[in-house]
Amino acid sequence: MIEKILVLGSNGQIGTELVTALRKSYGESNVVACDIRRPDYDIKNSGPFEFVNVLEKDILNNIFQKYKPTQVYLLAALLSATGEQNPKLAWDLNMNGLLNILDLAITYKTAKVYWPSSIAVFGPNSPKDATPQYCVMDPNTVYGISKLAGERWCEYYNQKFGLDVRSIRYPGLISWKAAPGGGTTDYAIHIFHDALTKGSYASFLNAETELPMMYMDDAIRGTIQLMDAESSKISIRSSYNFGGVSFTPEVLAAEIRKHIPDFTLTYKDNDPRQAIANSWPRSIDDSFAQKDWGWKPEFDLSKMTVDMLKNLQSNH
Ligand code: SER
2 MIEKILVLGS NGQIGTELVT ALRKSYGESN VVACDIRRPD YDIKNSGPFE
52 FVNVLEKDIL NNIFQKYKPT QVYLLAALLS ATGEQNPKLA WDLNMNGLLN
102 ILDLAITYKT AKVYWPSSIA VFGPNSPKDA TPQYCVMDPN TVYGISKLAG
152 ERWCEYYNQK FGLDVRSIRY PGLISWKAAP GGGTTDYAIH IFHDALTKGS
202 YASFLNAETE LPMMYMDDAI RGTIQLMDAE SSKISIRSSY NFGGVSFTPE
252 VLAAEIRKHI PDFTLTYKDN DPRQAIANSW PRSIDDSFAQ KDWGWKPEFD
302 LSKMTVDMLK NLQSNH
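Here it is in structure tokens:
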């Protein structure tokens, strides 16, 4: 069967790299990039592109009718920090965007749907270290609330309608190709840019803030691995815990200093993102992903740092 794949939110931090990876595997013309913004990179020239707002169901319906997708990736979302600036919009986009896609996937018999969740589904009363798949979840950001509700909807559509929906709880994603999307973990990207251009960085999270992170190459590989897995192997239809590396700003700075010895790190006070970070896990237990579909990250802190600096250096 020839796959036809829609990627909604194709211009974002994940979409930019996912579209390229999918086009390599499935052929350029079989992966349709969709976003509300014009792509400012070569995605438009390397395959089909459609302007789509995931909240406009009629237009979405036309896109489903036109392409009859076998797989849909819904990446359009407001993240944790931007979501707090506009909670109602974040809820509307993150929730109704998902429900629109789930409904259209049923109508058009889409074989598989991918939707990302996040470590933001956990909250202040979740265990902080090796946070398990199943535990207390009391997210206190609108982003986390919408992701947790979205996970429940995904499982609901799978159980009630047999929809093959798959999901991963991403940690902070570190990448160099596209800008990060307004999250609490974005400091871990900005730090690399500033280290190269200024030799210093002022972190909006404090020295002790340890968070789960992952290099984008691992995230893309894991996402496609989950989507390629036999349906019978997917025991979790809400969303999988997904582990990479964990570090604090201080530890990351020490790693960067191995390459840029004079790099200095300072800290800003009173940033609202600190409270969000404090409510999230420090590390993740992803044993279900390991057992069900063989997940294993390839990038540790040192390998990620080398790759980030090398790629950003040639970009800057
Ligand atoms: N990177 C995301 C954020 O910080 C977490 O899913 O919002």
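Residue numbers (my numbering): 2 to 317.
By construction, the Cβ of each residue, glycine as well, lies at the ideal position given by its N, Cα and C atoms.
For the options A82, Q291, M138 and S239, the alpha carbon positioned closest to that of G184 is the one of A82. In the DSSP assignment, P213 is bridged to S247. In the pairwise beta carbon analysis, the segment 216-231 is classified as touching the segment 163-177: at least three pairs are separated by under 8 Å.
Classified as buried, P298 has 16 or more neighbouring CB atoms from the shown chains inside 10 Å of its CB. Unbroken beta strand (DSSP E) runs of no fewer than 3 residues, entirely contained in the segment 14-81, are found at 32-36, 50-52 and 72-75, following chain order. Only exposed fits T108, as fewer than 16 other CB atoms lie within 10 angstroms of its CB. When the alpha-carbon of D165 is set against those of D104, L19, A196 and A78, the nearest one is in D104. A check of alpha carbon separations from D263 across Y202, S280 and L94 identifies Y202 as the nearest.
Look at S118: its beta carbon is at least 6 Å from all of the heavy atoms in the ligand SER. Here R39 is exposed: its Cβ has fewer than 16 other Cβ atoms, across all protein chains shown, within 10 Å. Taken in chain order, the whole alpha helix (DSSP H) runs of length 4 or more contained in the segment 91-137 are 98-108. If you draw a straight line from the Cα of N63 to the Cα of Y74, it comes to about 17 Å.
DSSP places I146 in the helix class (H, G or I) of the three-state scheme. Of the candidates W116, D139, S118 and P117, the residue whose Cα lies closest to the Cα of S127 is D139. Closer than 6 Å to some heavy atom of the ligand SER: that does not describe the Cβ of L9. In this structure, the beta-carbon distance from D293 to A131 does not fall below 7 Å.
By the CB criterion at 7 Å, V122 and L149 fall inside the cutoff.
Taking 7 Å as the cut-off, the beta carbon of C155 is found no closer than this to the beta carbon of S147.
Distance from the CA of L79 to the CA of G10, rounded to the nearest whole angstrom, comes to 11 Å. Counted as a single uninterrupted DSSP element, the stretch harbouring S315 is not any beta strand (DSSP E) but the alpha helix (DSSP H) occupying residues L302 to N316. Taking 3 residues as the shortest admissible run, the segment 158-200 contains the following complete beta strand (DSSP E) segments, listed from N- to C-terminal end: 169-171 and 173-175. In this structure, P172 places its C-beta atom within 7 Å of the C-beta atom of G245.
Setting aside the 5 residues that flank it on each side, N12 is surrounded in the same chain by D36, R38 and P40, each with a C-beta closer than 7 Å to its C-beta; the list follows chain order. Taking P133 as the centre and dropping the five residues before and after it, the same chain places the C-beta of D286 closer than 7 Å to its C-beta, in chain order. Shown here for G98: same chain residues with a beta carbon closer than 7 Å to its own, the five before and five after excluded, namely V55, L56, L75 and A77 in chain order. According to the DSSP assignment, I277 belongs to the alpha helix (DSSP H) that extends over P273 to N279. When the alpha-carbon of K69 is set against those of V8, T111, I192 and K311, the nearest one is in T111.
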